[in-house]
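Since the structure comes first, as structure tokens, the remarks are kept for the end.
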Ligand SMILES: *Cc1c(COP(=O)(O)O)cnc(C)c1O
């Protein structure tokens, strides 16, 4: 019902309307001021919406239908890996033994949960070629933070925590943010003209103050960092470590292992690679896998297997401590575990192959219509620049008579009218007017064909009726928002 301009729940409120009716209580009523100290009593009544149950159901059901979701349509948001979450994961996460367990339970009564976590850790080590794993971090960025704290502790244990972290200009913004939060100075290494990191640019930046390089492989622009082995050797020769941002592991898993490429520490994003629900600020999980040299610094508690029993070890003197309450987002572990077991080794490899195939298929369909940002084959996503837009115009001019160009944003907004979520745009910054399209392995050929046809159709519209693009979207409750203002000053109340 997108035609309704949905009001806020406060605007729907009508004085005296209720969503419940209860029988008269048999317990004597007390006044709050008889039992609660005056200082804690509110002075004015809480402004709660007064609505019926039906009002609430309709309001929130309508809002939920406005939400674009992977369950409703194609969502090729580059870098984010918006793929289908199999429902069996949900089924298993709701098993009462998992869903009703409590983190304060005695270890002896949660052996199944501990076993699941222990086995998931082992799978994540196996898939990445690493030795140890912690499941605690709650997201990719939190995994970076955890990994960097471990790297810092490692250097500290050798006498000097070091001061610098090197990060390529193609990196996701969380990388420099994590390094800065861990007290490191960020040094940028420029990627070579093929979009990947080259040893010649890196070597001059290396000295004994470099703690690590954070490398995303495949990178945020969908390219395989093929110099990674050489880069690892260079770093190790200076006593520095190689951190891998593993957000794009869906393009490697089952085929190649970062641990075999010289990586010392890596985070996963379970909500990207292993189909745990994603977005909307919900719980994520960013497990970190490390090589043996970093084991002493893992967060506590560490899950230890002794014979057939599992226990939690907290006596780890060099540990960085806890990074998350209890064990992390346990429900996500159940989902990721289920997904890995469901696929098995062959399925994991096939998943990876399909992710790469789909991205390259879309790339091939669109490369003569948009402009490829890089010539090298993509792994999991196809990146285009806005160079092709020089052949288009909005037909409008600025006050001083200069033509107003058509923008990437206009194409993105028009896609919404055709029921597609736009790809990631204007990121990464090193690609002009970037369109970053990540179809993921879960989409079929018909959907990819339909998307490519729609892009072509929009480009045809741009030639004849550019306002269809510049004024898009036409089919949504609100049109072009002032996006900066919408983020900075969200209007949540009437
Ligand atoms: C998504 C992503 C991150 C951040 O992960 P979150 O789980 O959103 O914190 C970091 N690096 C890369 C390359 C990513 O794609």
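Numbering (our numbering), first residue to last: 1428 to 1921.
Backbone N, C-alpha and C fix where the C-beta goes; we use that ideal spot for every residue, glycine too.
- prompt: So is the beta-carbon of residue 1499 under 6 Å away from any non-hydrogen atom of ligand 1?
  reply: Not under cutoff, so the answer is no.
message: Could you check whether the Cβ of residue 1596 sits closer than 6 Å to any heavy atom belonging to ligand 1?
response: For ligand 1, no non-hydrogen atom lies closer than 6 Å to the CB of residue 1596.
- prompt: Mind checking whether residue 1727 and residue 1746 have CB atoms under 7 Å apart?
  reply: Yes, the Cβ-Cβ distance between residue 1727 and residue 1746 is below 7 Å.
query: Which residue's Cα is closest to the Cα of residue 1820: 1495, 1561, 1838 and 1807?
result: Among 1495, 1561, 1838 and 1807, the Cα nearest to that of residue 1820 belongs to 1838.
message: Could you pull the DSSP bridge partners for residue 1559 from this structure?
response: As computed with DSSP, residue 1559 is found in a beta bridge with 1717.
task: Drop a sphere of 10 angstroms on the beta-carbon of residue 1856, count the other beta-carbons inside from all chains shown, and report buried for 16 or more, exposed for fewer.
output: Exposed, since its Cβ has fewer than 16 Cβ neighbours within 10 Å.
task: Compare the Cα-Cα distances from residue 1554 to each of 1681, 1645, 1915 and 1444 and report the closest residue.
output: Measuring from the Cα of residue 1554, the nearest candidate turns out to be 1681.
message: Could you give the first and the last residue of the continuous alpha helix (DSSP H) run that contains residue 1872?
response: Taken as a continuous stretch (DSSP letters only), the alpha helix (DSSP H) holding residue 1872 covers 1872 to 1891.
- prompt: Nearest-angstrom Cα distance between residue 1556 and residue 1684?
  reply: Roughly 5 Å between the two C-alpha positions.
- prompt: Just how far apart, CA to CA, sit residue 1544 and residue 1638?
  reply: It is roughly 30 Å from the alpha-carbon of residue 1544 to the alpha-carbon of residue 1638.
- prompt: Going by the C-beta, is residue 1506 closer than 6 Å to any heavy atom of ligand 1?
  reply: Yes, ligand 1 has a heavy atom inside 6 Å of this Cβ.
field: Spatial neighbours of residue 1738 in its chain, beta-carbon cut-off 8 Å, leaving aside the 5 residues before and after
entry: Close CB contacts of residue 1738 within its chain, under the 8 Å cut and outside five residues either way in sequence, are with 1534, 1541, 1730 and 1731 (chain order).
- request: Please go through the segment 1522 to 1599 and give each complete alpha helix (DSSP H) segment of 4 or more residues, from N-terminal end onward.
  value: Listed in chain order, they are 1523 to 1526, 1538 to 1555 and 1567 to 1584.
query: Can you give the beta carbon distance from residue 1816 to residue 1789, rounded, assuming they're within the 8 Å contact cut?
result: Wrong, their Cβ atoms sit about 19 Å apart, outside the cutoff.
task: Ignoring anything shorter than 4 residues or poking outside the segment 1610 to 1690, list the alpha helix (DSSP H) runs there in chain order.
output: Counting whole runs of 4 or more residues, the segment 1610 to 1690 contains the alpha helix (DSSP H) stretches 1626 to 1629 and 1655 to 1664.
- prompt: Are there 16 or more other CB atoms within 10 angstroms of the CB of residue 1522, so buried, or fewer, so exposed?
  reply: By the neighbour-count rule (16 or more Cβ atoms within 10 Å), residue 1522 is not buried but exposed.
task: Take residue 1650 and list the residues in its own chain whose beta-carbon comes closer than 6 Å to its own, dropping the five residues that flank it on each side.
output: Counting only residues of its own chain and dropping the five nearest sequence neighbours on each side, residue 1650 has a CB closer than 6 Å to the CB of 1622, 1623 and 1803.
message: Considering just the uninterrupted stretch of the beta strand (DSSP E) at residue 1729, what are its terminal residues?
response: Secondary structure note for residue 1729: its beta strand (DSSP E) is the uninterrupted segment 1729 to 1733.
message: Between residue 1867 and residue 1508, how many whole angstroms is the CB-CB distance? I'm expecting something under 8 Å.
response: Contact holds; Cβ gap of about 6 Å.
Residue 1823 to residue 1844 span [Cα, whole Å]: If you draw a straight line from the Cα of residue 1823 to the Cα of residue 1844, it is about 22 Å long.
- request: Per DSSP, which residues does residue 1501 bridge with? Please list them.
  value: DSSP links residue 1501 through a beta bridge to no other residue.
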